[in-house]
Structures are given as C-alpha cells and as structure tokens.
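Asker:
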Ligand code: GLN
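In our numbering, the protein residues as written are -2 to 285.
#1: Within this structure, are the beta carbons of residue 79 and residue 32 separated by less than 8 Å?
#2: So which of 11, 163, 143 and 242 has the shortest CA-CA distance to residue 48?
#3: Just to confirm my understanding: we take residue 116, look at its own chain, exclude 5 residues before and 5 after, and list those with CB closer than 6 Å. What are they?
#4: Taking a contact to mean a Cβ-Cβ separation below 8 Å, would you say residue 186 touches residue 107 in this structure?
#5: What's the call for residue 84, buried or exposed, on a 16-neighbour Cβ count within 10 Å?
#6: Can you look up residue 98 in the DSSP assignment and give me helix, strand or coil?
#7: What are the partner residues of residue 118, as DSSP defines its beta bridges?
#8: Cβ of residue 94 versus every heavy atom of the ligand GLN: is any distance shorter than 7 Å?
#9: Per DSSP, which residues does residue 189 bridge with? Please list them.
#10: For residue 41, which residues of its own chain have a beta-carbon under 8 Å away from its beta-carbon, when the five flanking residues on both sides are left out?
#11: Need the endpoints of the beta strand (DSSP E) that residue 29 sits in, please.
#12: Between which residues of its own chain and residue 224 is the CB-CB distance below 8 Å, once the five residues before and five after are set aside?
#13: When you compare each of 167, 61, 126 and 204 to residue 134 by their alpha carbons, which one comes out closest?
#14: So, using beta-carbon positions, are residue 22 and residue 204 closer together than 8 Å?
#15: For residue 129, write down the residues that DSSP places opposite it in a beta bridge.
#16: I'd like to confirm the pairing. Which residues does DSSP put opposite residue 168 in its beta bridges?
#17: What is the residue span of the beta strand (DSSP E) that residue 280 lies within?
#18: Using CA atoms only, rank isn't needed, just tell me which of 94, 89 and 13 is closest to residue 206.
#19: Which of the three DSSP states, helix, strand or coil, is assigned to residue 9?
#20: I need the boundaries of the beta strand (DSSP E) containing residue 266, first residue and last residue.
#21: Determine the direct distance from the alpha carbon of residue 71 to that of residue 54, and round the result to whole angstroms.
#22: Just verifying my parser: in three-state terms, what is the DSSP assignment at residue 50?
#23: Run the proximity test for residue 101: is its beta-carbon closer than 7 Å to any non-hydrogen atom belonging to the ligand GLN?
#24: Using a Cβ-based criterion (distance less than 7 Å to any ligand heavy atom), does residue 244 qualify as near the ligand GLN?
#25: Run through DSSP, which three-state label would residue 89 get?
#26: So residue 145 and residue 122 are supposed to be a Cβ contact under 8 Å. How far apart are they, rounded?
#27: Name the DSSP beta bridge partners of residue 235, please?
#28: Would you report the Cα separation of residue 74 and residue 37, rounded to the nearest angstrom?
#29: How is the beta strand (DSSP E) around residue 79 delimited, first residue to last?
#30: Under a three-way DSSP split, which group does residue 73 fall into?
#31: Going by DSSP, what residues sit across from residue 215 in a beta bridge?
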C-alpha cells in the first residue's frame, strides 16, 4: 500500500527520466545514479538492488532540482559537495577545483619515485581540496607533506579533508607558491597541479569549468605563468637530487621540458595520462 507521502515514481523511473533530460556529452548513467544516491542517502548499489522502491514527494522534488541544476551545467561534484580521487573521497566546494582523473597520473608517478617507507619532505603547491596531498599521504604515511594554497577558503576544505581521512602528516601553509613555505624548507619532491589554461581558451566554456575558481585554472596568455615560476624557483627549495613533478596541458609538454632543461634540471621527461596525452613533466635538481 502506498502511503500519502510516497509518489508513484520509482527509483528506475527517476533514473530513466533524468537520463532523458541530460545531454549525451556527460556520463548520464553514472551522474544520475550519483545524484539519486545522494538524495536518498544510500549507496549507489542500492539503486540497482531496489529499482522498484518509490520516492517520497520530498525526494522527488530534491532530485528534480538537482537534475535541473546539472542541466544548467553545474558539475555533479559541486551539487553533492564530494568527489572521489585516488582511493579517497574528498569534500569539494566552489573554492576548490574538482579533482580530475588526470591528476591521478601525477600521484601515480610520485609514488613510483617515493620509496614505500620513505620519510621524505614533500610539497603539494596549490593544493586546492588537498587531493594530491591526501592521496600521497594515504600511501606514504611517514612522509611530511607541506600543502599550500593562496586561498584560505580552499585550505580550510583541504584541512577538513585530511582531518576526516585521518592524515596527520599533512601541514598547511597559506601563500603564493613558494612564498607559502617556511624559509629554509628543503624538499625531496615538489608536486603541483597548477593552473595552466591560457586566458581566453575556449575550453573554459566547456561543461562545468565556468563553475570552478578561475584562479585554479587560468595562468596568463600562454597558460604557463605559474609553471614558469614553479620551475624557476624550485631548485631553491629542493634538496640535491630532489624532484619537481608538474601537471600541465596536453600541448605543453615540450615547452615545460624546455623550461626544466633551461633551468638546469636533469632527467627531464614527460608522462602521458590515461587518455594518452602528455600530462606530467618532471625534472631532477642537480645532485650537487
Ligand atoms: N585539467 C583541467 C582541465 O579540465 C585543468 C586543470 C588545471 O588548470 N590545473 O582543463
């Protein structure tokens, strides 16, 4: 028997309806399930287990409103305030970039360089939600990680994430790139996913990007302003033989390698992400 608060709209009806609303440029199956699971406060698997369960009026209205906001372009991660990255779930707000799968390539490469029981000193510059710092700390708990951001609002999200995840080895510093670090800091490895999109790049109008903080995406006319600063001053903060690993745009590999070589880094190379495009470049500070 249906109680007055329950609609005739089942979980499978709701998903079917929502998938018809959204454009095929997004992963409609995944995103509608994430949004409905959020509204119902249940794991996604329960949607598949209970397709005939009917929504209450409140649930139906909340789901319709979320689908409407998604239709206007707002990213699912901001709608639910969460995003999975590596093996962690992170809180995200509009003060932080939404962590991307391509940044997992940076984490993976960093973990190839950092030995399993190392007590390295690591920086994550421009940490945003704390994604890189949290992922690396969860895999290398003995390392000390200095996570920086110029935005205090982003840092409070990052701080909350590492507190919830129980990662006490991550410390936070406010400021622009290296200026945030305590003087005399000497690092084994510097990691960063800096802004690298060029001002006016049409890509900035793409699904979701207009909702993200522009200062986390855009970096000057070529997109390389932040990367240039990170490369040029990195050696001051790196121990001899320390590594600099930077994420960059698919067409920036050659220019970033050139910058690293000009600044005297060794072992300069570029790695591709899962989409098969250049995404991470690295270099090593001289051994002496
Ligand atoms: N990879 C992001 C994109 O979607 C850009 C992230 C960044 O600038 N760090 O374009």
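For glycine and all other residues, C-beta sits at the position ideal for the given N, C-alpha and C. Model, not experiment: these values are computed from the prediction.
Answerer: The relevant details are as follows:
#1: In this structure, residue 32 does not lie closer than 8 Å to residue 79 by Cβ.
#2: The alpha carbon of residue 48 has as its nearest neighbour, out of 11, 163, 143 and 242, the alpha carbon of 11.
#3: Answer for residue 116: 139, listed in chain order.
#4: For residue 186 and residue 107, yes; Cβs fall inside 8 Å.
#5: The residue is exposed, with fewer than 16 neighbouring Cβ atoms inside 10 Å.
#6: Helix, per DSSP.
#7: DSSP output for residue 118 lists 141 as bridge partner(s).
#8: Residue 94 Cβ: within cutoff of the ligand GLN.
#9: As computed with DSSP, residue 189 is found in a beta bridge with 122 and 243.
#10: Excluding sequence neighbours, residue 41 sits near 30, 31 and 34.
#11: If you look at residue 29, you'll find it isn't in any beta strand (DSSP E); it sits in the alpha helix (DSSP H) that goes 25 to 37.
#12: Residues 191, 193, 216, 243, 245, 249, 253 and 256 of the same chain have their beta carbon placed closer than 8 Å to that of residue 224, with the five preceding and five following residues left out of the count.
#13: Among 167, 61, 126 and 204, the Cα nearest to that of residue 134 belongs to 167.
#14: In contact: residue 22 and residue 204 (Cβ atoms closer than 8 Å).
#15: Note: residue 129 sits in no beta bridge, so no partner.
#16: Bridge partners of residue 168: 143.
#17: Element bounds for residue 280: 275 to 281.
#18: Taking only the C-alpha atoms, the option nearest residue 206 is 94.
#19: Look at residue 9 here: in three-state DSSP terms it is helix.
#20: Its beta strand (DSSP E) spans residues 263 to 269.
#21: Counting only the Cα atoms, residue 71 lies some 24 Å from residue 54.
#22: In the displayed model, residue 50 falls within coil according to three-state DSSP, outside both helix and strand.
#23: Shortest gap from the CB of residue 101 to any heavy atom of the ligand GLN: 7 Å or more.
#24: Answer for residue 244: yes, Cβ within range of the ligand GLN.
#25: Coil, per DSSP.
#26: Their Cβ separation, rounded to whole angstroms, is 5 Å, which keeps residue 145 and residue 122 in contact under 8 Å.
#27: Per the DSSP secondary-structure output, residue 235 pairs in a beta bridge with 184.
#28: Roughly 16 Å between the two C-alpha positions.
#29: Residue range 79 to 82 is occupied by the beta strand (DSSP E) that includes residue 79.
#30: Helix.
#31: Bridge partners of residue 215: 194.
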